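Residue numbers for the sequence shown, in our numbering: 25 to 497.
What follows is a single structure, written as structure tokens, with notes after it.
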Amino acid sequence: MTEHSIDSVRDGLKRKEFSAVEFTRRAIEFAERENPKTNAYLMLSPERALAAAGRVDEKIAAGEDPGPLGGVPVAVKDVILTKGIRTTCGSKLLANYIPPYDATAVERIEAAGGVIIGKTNCDEFAMGSSNENSAFGPVRNPVAPDRVPGGSSGGSAAVVAQGTAVVSLGSDTGGSIRQPASFCGIVGVTPTYGRVSRYGLVAFASSLDHIGPFARNVKDAATLLEVIAGRDPLDSTSAEAPVGNLAGAGTGDVRGMKLGVPVEYMKHATGETAELISQGIESFRRLGCEVREISLPATDYAIATYYIIATAEASSNLARYDGVRYTFRSAKSDTLAGMYQNTRDEGFGAEVKRRIMLGTYVLSHGYYDAYYLKAQKVRALIARDFTRAFGNVDAVIAPVSPFPAFRLGEKVDDPMAMYLSDIYTITGSLAGIPCMSVPCGNTSEGLPVGMQILCNHFDESKMFRLASAFERR
Ligand code: GLN
């Protein structure tokens, strides 16, 4: 199970080494056996998986193409809705919530022959960088079990690293795909904002939320993205821009491509992470790329800007969890106001409450101009930095995280230290550009470090070309 790629599953089916149903059974048994080591799956969905696999086998028997994900086990982060299958967002508040519809990404995966095998653990409502904010316990990093897998999509990264899924879906608001991919030694992609429909993604910060793939190689990530990408009438922010052949984008030369390394990023990079990134940059040079220093001057304000905009949007989005809708209601409810209060007090964890309060504060009369409005202006400056950079370079390369996977418990009591781990990923999110993490090497302790590649809006093909060349280096 641990060695399979999308291509190898397709080949196995074609050569009749296994049927999709047999392969799915094996995948589920393996996931059941391995999951106690990581707590990465909150839930397996064998019935739905076997039904999907059955449809793939029928197609093959009828001589039809089962689709680009035919028979491939796909795990889905538990902030993405799956009809009839519990979707918790890592929160006690949604512990028993069963969605009445599928997210568009989920629907497209199954239409392409993919087999949804389970839902993965994550930080509550995707708020966090370590997966320790889940109401259902932390996830262990399969590479180093005493360490975090990163967050908030820690479960989705862990299942792919562990081999209990071939690919998975995560969500990224400020780094939640790239950072766990880096910590677990796999590929993680945050597409351009609007590239993938957010229909059925439980909203955290709507102007920053993205769905994106995790995979063990660049081509698989590109294939999964190609399947889920493209305009969706159910999400008015999804883009009309043609998706193109992303799965095939990895071939081709990168000689002569111009890459920018932001000085503002490298000054924060230290230790073995900085060394590995420098070696990665050298590899790009050896591949024939021209590497130059660039400046993204608004970078210093990125974390402050993100934690104003993201919390403002979260405070508004999370207002809907009132104890009337979405299952959980406090038992201590004498008055309506008391019921709202007790439900939210008992249902939300500490980090979610912290963000609702921060967000409500920055949006409140008297502080709106000073914080929220100013943050929106700085966001425009951050985006402008990238637009200017892409006038001179094809891509920006950078670290993903200032440090590799840290120990469980190491940063839980210090929210500011936790927020600082987002320093390199948040700028790309605020600009809405495509960015990804690709494995760059391991520290002397064997901890993976990812290289980040950022490209201009809707330029995923170029990003995959660079990532593939880097992967083959
Ligand atoms: N770590 C960031 C946060 O806590 C990013 C989370 C995300 O991308 N969902 O908000």
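Quick reminder that beta carbons are idealized off the backbone N, C-alpha and C, glycines included.
Nothing here was measured: the structure is a model prediction, and the numbers come from that model.
Own chain residues within Cβ distance below 7 Å of residue i, not counting five before or after
{"i": "A189", "result": "P97, V98, A99, I141, V183"}
{"i": "H234", "result": "S195, D196, T214, P215, Y217, V220"}
{"i": "A227", "result": "D233, N341"}
{"i": "G295", "result": "none"}
{"i": "A127", "result": "I104, L105, Y223, G224, L225"}
{"i": "K486", "result": "D418, A419, C479"}
{"i": "T62", "result": "V163, R164, P166, A182, Q186"}
{"i": "S200", "result": "A150, G175, S176, S177, G194"}
Any non-hydrogen atom of the ligand GLN within 7 Å of residue i CB
{"i": "A55", "result": "no"}
{"i": "G199", "result": "yes"}
{"i": "D446", "result": "yes"}
{"i": "A374", "result": "no"}
{"i": "G175", "result": "yes"}
{"i": "D196", "result": "yes"}
{"i": "G254", "result": "no"}
{"i": "K207", "result": "Note on identity: in this sequence residue 207 is Phe, with Lys being the wrong assignment. Checking the Cβ of F207 against the ligand GLN gives no."}
{"i": "G272", "result": "no"}
{"i": "A150", "result": "yes"}
{"i": "F228", "result": "yes"}
{"i": "A334", "result": "yes"}
{"i": "S153", "result": "yes"}
Whole-Å CB distance - residue i paired with residue j, under 8 Å assumed
{"i": "V285", "j": "I30", "result": "Actually they do not touch by this definition, with Cβ atoms about 32 Å apart."}
{"i": "G36", "j": "F54", "result": "G36 to F54, Cβ: 15 Å. No contact."}
{"i": "I104", "j": "A129", "result": "6 Å"}
{"i": "I109", "j": "S69", "result": "5 Å"}
{"i": "V424", "j": "T449", "result": "6 Å"}
{"i": "R202", "j": "G212", "result": "5 Å"}
{"i": "V45", "j": "D81", "result": "6 Å"}
Reduced DSSP category for residue i - H, G, I as helix; E, B as strand; rest coil
{"i": "R171", "result": "strand"}
{"i": "K143", "result": "strand"}
{"i": "Y217", "result": "coil"}
{"i": "T106", "result": "strand"}
{"i": "K101", "result": "strand"}
{"i": "A136", "result": "coil"}
{"i": "L225", "result": "strand"}
{"i": "A419", "result": "strand"}
{"i": "P204", "result": "helix"}
{"i": "G179", "result": "helix"}
{"i": "V424", "result": "coil"}
{"i": "F238", "result": "strand"}
{"i": "L193", "result": "strand"}
{"i": "A119", "result": "coil"}
{"i": "A253", "result": "strand"}
{"i": "G212", "result": "strand"}
Close beta carbons around residue i, own chain, < 6 Å, minus the five adjacent residues each side
{"i": "H511", "result": "Residue 511 falls outside the range modelled here, since the chain spans only 25 to 497, and no answer is possible."}
{"i": "V386", "result": "I332, A336, Y395, Y396"}
Sequence-distant residues of its chain with Cβ nearer than 8 Å to residue i (five each side left out)
{"i": "V417", "result": "K282, L283, G284, R316, I318"}
{"i": "A271", "result": "P92, K243, A246, T247, E250"}
{"i": "Y125", "result": "L105, K107, G224"}
Practice task
List in chain order: all unbroken beta strand (DSSP E) runs of 3+ residues lying wholly within the region 257-320.
Solution key: 282-286, 314-318
Exercise for the section: Return the chain-ordered ranges of every beta strand (DSSP E) run that is complete within the region 325-393 and spans a minimum of 3 residues. Expected result: none
Practice task
With a floor of 4 residues, list each alpha helix (DSSP H) that falls wholly inside the region 52-93, ordered by position along the chain.
Solution key: 70-85
Exercise for the section: Enumerate, from N- to C-terminal direction, the unbroken alpha helix (DSSP H) stretches of 4 or more residues contained entirely within the region 430-479. Expected result: 439-444, 450-455
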